[in-house]
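S.K.: Pasting a structure here, questions to come.
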Amino acid sequence: MTAAPFVPAVADRKGAAVPDRLHEPQLALHVEDLTVSYDSKPVLWDIDIDIPPGVMAAVVGPNGAGKSTFIKSVLGLVRPTAGHVRIFGRPYGMQRRRVGYVPQRSSVDWDFPTTALDVVGMGLYGRLGWLRRPGRRERDEARHALEQVGMQDFAHRQISQLSGGQQQRVFLARALVQQADLYFLDEPMAGVDATTERAIVDILHRLRAQGKTLVVVHHDLQTVRSYFDWMVILNIRAIAQGPVSQVYTAENLRKAYGGQIALIEHESFGGSGATAQTLGGG
Amino acid sequence: MLALLADSTIRTVALGAALLGISSGVLGCFAVLRRQSLLGDTLAHAALPGVCLGFLIAGSRDLGSIMLGALATGAAAALAVLLLTRTSRLKTDAALGIALSLFFALGVVLLTFIQGRGNSAQGGLDSFLFGQAAAMLRSDLWIMGAITAAALALVAIFWKEFKLASFDPGFAASLGLPVLALEAAMTAMVALAVVVGLQMVGVVLMTAMIIAPATAARQWTRSLGAMVVLSALFGTLAGVTGAVISAASRGLSTGPLIVLAISAIVFLSLLAAPGRGLAWAALRHWRNRRNLESQQVLATLYRMAAEHGDRRHPVELGTLDTFHGTPTRRALSRLERQGLVRPVRHEPERTPHWELTPQGLAQARRLLTDTGGDRDGEEMS
Ligand SMILES: Nc1ncnc2c1ncn2[C@@H]1O[C@H](COP(=O)(O)OP(=O)(O)O)[C@@H](O)[C@H]1O
Ligand SMILES: [Mg+2]
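Here's what the structure looks like:
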């Protein structure tokens, strides 16, 4: 019995006419002219973002910049007012199985009666499709993913009894079982302790080494340069994007963070000769 | 009790109450987990105008038409809430409140209109406000049973989809699940539960039947499956209990008794459920405080020993009491039982003195280095 996918692989509204024609297939993610608004207030304004395969990209920007909205509109969770999105050349609706997603941890109710293992298993529901229930094979896969994030001892623990860092690892494990080529992670390191952050970064780097593409909303400018090789600066508009070495400049960050820049300069640029130059130039 | 159940009217009522308990117990779980208790309230009250319309259209107190009417106005209310929140700045709870009052007011107006006509066929339509189990017919059981069975089948078939859409709708949508349709289905299930309970407890008290069994079950269980089963059991237990007490008392009305029974179950669950209940929380709090007390006394002994540069420095009980501002004898006994401290004589004084054992010394060191900072704050609460 072949699994019936939840939705047949059809294109999005814009691409519906020509679902087979590839558009920018050399890019892991291609976003063009994307505008998203809530209650007619634009949250993302006319953004173009291209992410090549195999990079680990940080999406940074101040609170409310539209980072989560960006991911959600790529995944079709909010409907854009304009623009189109392609994943490896095709609309998201046709590429679901190649994409993994880690939502913001605070977006769910962790008091829900379920276990860590069960949550990880949810990553396989897409592959299972309607009617089929997860069986032994799915449980084994979920257990293996928990092992990869170092949570095997917590498989049967209630998710409400996990620490924030452990909950975050469970979410990551759920994305791992998706065995995707392109991962979207929304603040996977927010509110976790240093050990967990290290563990998560290691896993992400391992995925990158396997050729996967990662798009990570990241809240901490200080670690962008050490963790990531690609970077998108967002604040309603796409302010800058490209290799971290070229994009991480005081000027770009000032454009995104405005008045908050004094603090950022102090935190992120102090003591570093190379960036001090950038500062002088900007 | 068995004698009571031999009576066929009472058996009908008890069976109806059991069906009500099962359906609202199971279907209410999703409403409670999605924090949509108020939705149950709104759908229940919104059933009243539907009851009246069903009666007006059918021209009699036919349960089938009345249920259809109730479902229709319930759906209309849900739609109204959706439109209100989508097109205005109203928050969901405000919209639910507005829809509740509006539809209920409409229902009361229709009810008084029907009663004003003095139609002999009106047959006590106001019994749908608080329920009137005695008016239930055997044939009604079939309708209630069919709805319950259909709803349970729906839950069984789309189990994992409902679960995921309740827990993490965003992730569910990213997998391609039609989350909006699933949410609509879960809302419809609440409306079905309301319809099953119309005759038994009525629209006013129906909310309790949707929220209460699930809330009680949540206290005792760790998985959605167990919660749903237990919720159904609690609902059934309350339903049958209410029906039997009502029959035995000859006159107390069934619906409110059922609601009282389920409320008692909720009360006990909130109080006593292991891990989550208030009693457990209090016990845990007390244990923690006791532990903390012992640890503080141990730390004090260690510090005083360190000050004197002698790890076996004996400290007088009075000194410890004064230092902590509270008697420390009990904490010391606990520490003694754990082999961490021991009583000693300190000649020539005749008062009791205490000193650290080598284990106590090691334990105190661990304690003071571990809790120096709050580095573990993130891990395991
Ligand atoms: N569902 C929503 N309805 C209305 N406004 C929203 C909604 N979600 C987000 N917003 C608003 O959109 C803006 C961007 O939000 P978000 O994408 O969450 O930002 P970020 O993730 O960068 O902090 C914020 O101003 C937020 O208040
Ligand atoms: Mg966000």
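If you read the sequences in order, they're chains H and D.
Offset between the first sequence (1-based) and our numbering: plus 22.
Offset between the second sequence (1-based) and our numbering: plus 38.
Just so it is clear, CB atoms sit at the ideal spot from N, CA and C, and this is done for glycine as well.
(1) I need the DSSP call for isoleucine 195/D, collapsed to helix, strand or coil.
(2) Tell me, please, whether the CB atom of phenylalanine 92/H is closer than 8 Å to any CB atom in chain D?
(3) With a threshold of 8 Å, are at least 3 pairs of Cβ atoms found where one atom belongs to the region 52-67 of chain H and the other to the region 88-107 of chain H?
(4) Name the residues in the region 190-210 of chain D whose C-beta lies less than 9 Å from a C-beta of chain C; which are they?
(5) Kindly identify the DSSP beta-bridge partner or partners of lysine 63/H.
(6) Between serine 307/D and chain H, is any beta-carbon pair separated by less than 8 Å?
(7) Does the distance from the C-beta atom of lysine 198/D to that of arginine 155/H stay below 8 Å?
(8) Thinking C-beta only, is glycine 398/D closer than 8 Å to leucine 355/D?
(9) Decide if asparagine 85/H is buried, meaning its Cβ has at least 16 other Cβ atoms within 10 Å, or exposed.
(10) What number of angstroms, rounded off, separates the C-alpha of arginine 11/D from the C-alpha of leucine 316/D?
(11) Between the Cα of leucine 190/D and the Cα atoms of Arg328/D, Thr338/D, Ser61/D and Pro294/D, which residue gives the shortest distance?
(12) Do you know whose CA, among Val304/D, Ala276/D, Leu167/D and Phe151/D, lies nearest leucine 57/D's CA?
(13) Out of Ala260/H, Arg191/H and Gln170/H, state which residue places its alpha-carbon closest to the alpha-carbon of tyrosine 279/H.
(14) Taking only heavy atoms of ligand 2 into account, decide whether any of them is closer than 7 Å to the Cβ of glutamate 209/H.
(15) If you measure between the beta carbons of phenylalanine 28/H and glycine 151/H, is that distance less than 8 Å?
(16) Beta carbon of valine 141/H, beta carbon of arginine 196/H: below 8 Å?
(17) Just to check my reading of the structure: leucine 106/D and glutamine 237/D have Cβ atoms closer than 8 Å, yes? What is that Cβ distance to the nearest angstrom?
(18) If you measure from each CB to the nearest heavy atom of ligand 1 and keep those under 5 Å, what residues do you get, in chain order?
(19) Does the beta carbon of glutamine 126/H fall short of 7 Å from some heavy atom of ligand 2?
(20) Can you tell me the Cα-Cα spacing of alanine 173/D and threonine 292/D, whole angstroms?
(21) Does arginine 403/D get closer than 8 Å to chain H when you measure Cβ to Cβ?
(22) Can you pull the chain D residues whose beta carbon is under 9 Å from the beta carbon of proline 125/H, in chain order?
(23) Is valine 239/H near ligand 2, judged by its Cβ being under 7 Å from some heavy atom?
(24) Scan the region 323-402 of chain D and note each continuous beta strand (DSSP E) run of 3 residues or more that stays entirely inside, going in chain order.
(25) Near valine 119/D, what residues of its chain come up, given a Cβ to Cβ distance below 6 Å and the 5 sequence neighbours on each side ignored?
(26) Helix, strand or coil: how does DSSP classify asparagine 85/H here?
(27) Helix or strand or just coil, what does DSSP make of methionine 238/D?
(28) Using 8 Å as the cut-off, can you tell me whether the region 66-85 of chain D makes contact with the region 253-262 of chain D, which would need three or more C-beta pairs spanning the two stretches below that distance?
(29) Starting from alanine 108/D, trace the alpha helix (DSSP H) in both directions and tell me its first and last residue.
(30) Is leucine 262/D near ligand 3, with its Cβ less than 7 Å from a heavy atom?
(31) Does DSSP classify leucine 204/H as helix, strand or coil?
(32) May I have the straight-line CA-CA distance separating arginine 327/D from leucine 71/D, to the nearest angstrom?
(33) Is it the case that the region 203-217 of chain D contacts the region 76-93 of chain D, given that we only count it when at least three CB pairs across the two stretches are under 8 Å?
(34) Counting only C-beta atoms, is leucine 321/D closer than 8 Å to chain H at any point?
(35) The beta strand (DSSP E) with threonine 235/H in it runs from where to where?
(36) Anything in the region 123-141 of chain D with a Cβ closer than 9 Å to a Cβ of chain H? List those residues in chain order, please.
M.R.: Let me spell this out:
(1) Here DSSP, grouped into helix, strand and coil, assigns isoleucine 195/D to helix.
(2) Among the residues facing chain D, phenylalanine 92/H is not included, as its CB has no counterpart in that chain under 8 Å away.
(3) Two segments are said to touch when three or more pairs of C-beta atoms, one from each, lie closer than 8 Å; by this definition the region 52-67 of chain H touches the region 88-107 of chain H.
(4) The chain inventory of the structure shown lacks chain C, comprising the protein chains H and D.
(5) DSSP output for lysine 63/H lists Tyr60/H as bridge partner(s).
(6) Interface criterion not met: the Cβ of serine 307/D is under 8 Å from no Cβ in chain H.
(7) In this structure, arginine 155/H lies closer than 8 Å to lysine 198/D by Cβ.
(8) No, Cβ-Cβ distance for leucine 355/D and glycine 398/D is not below 8 Å.
(9) So asparagine 85/H counts as exposed.
(10) Absent from the model: residue 11/D. The displayed extent of chain D is 39 to 419, so no value can be given.
(11) Distance from the Cα of leucine 190/D is smallest, within the candidate group Arg328/D, Thr338/D, Ser61/D and Pro294/D, for Ser61/D.
(12) Ranking Val304/D, Ala276/D, Leu167/D and Phe151/D by Cα distance to leucine 57/D puts Ala276/D first.
(13) Out of Ala260/H, Arg191/H and Gln170/H, Ala260/H has the C-alpha closest to the C-alpha of tyrosine 279/H.
(14) Glutamate 209/H: yes, Cβ under 7 Å from ligand 2.
(15) The Cβ atoms of phenylalanine 28/H and glycine 151/H sit closer than 8 Å to each other.
(16) Taking 8 Å as the Cβ cut-off, valine 141/H and arginine 196/H qualify as a contacting pair.
(17) In fact, because the Cβ distance is near 14 Å, the residues do not count as touching under 8 Å.
(18) That query returns the following residues: Tyr60/H, Val65/H, Asn85/H, Gly86/H, Ala87/H, Gly88/H, Lys89/H, Ser90/H and Thr91/H.
(19) Yes, the beta carbon of glutamine 126/H sits closer than 7 Å to at least one heavy atom of ligand 2.
(20) Rounded to whole angstroms, alanine 173/D to threonine 292/D spans 11 Å at the Cα level.
(21) Chain H contact via Cβ: absent.
(22) Going along chain D in sequence order, the residues near proline 125/H (Cβ under 9 Å) are Asp206, Gly208, Phe209 and Ser212.
(23) The answer is yes for valine 239/H.
(24) With a minimum length of 3 residues, the continuous beta strand (DSSP E) runs that stay inside the region 323-402 of chain D are 379-382 and 391-394.
(25) Within the same chain, and ignoring the five residues on either side of valine 119/D in sequence, the residues whose Cβ sits closer than 6 Å to its Cβ are Ala133, Leu134 and Ala137.
(26) The answer is coil: DSSP assigns asparagine 85/H none of H, G, I, E or B.
(27) Reduced to three states, the DSSP call for methionine 238/D is helix.
(28) Touching, yes, given that three or more Cβ pairs across the two stretches are closer than 8 Å.
(29) Segment 101-125, the alpha helix (DSSP H) holding alanine 108/D.
(30) For the structure depicted, ligand 3 is absent and the ligand set comprises only ligand 1 and ligand 2.
(31) Leucine 204/H falls in the strand class under three-state DSSP.
(32) The alpha-carbon atoms of arginine 327/D and leucine 71/D are separated by roughly 33 Å.
(33) The count of Cβ pairs closer than 8 Å, one atom from the region 76-93 of chain D and one from the region 203-217 of chain D, stays below three, leaving the stretches out of contact.
(34) By this cut-off, leucine 321/D is not an interface position.
(35) From DSSP, the beta strand (DSSP E) with threonine 235/H extends over 235-239.
(36) Residues Arg127.
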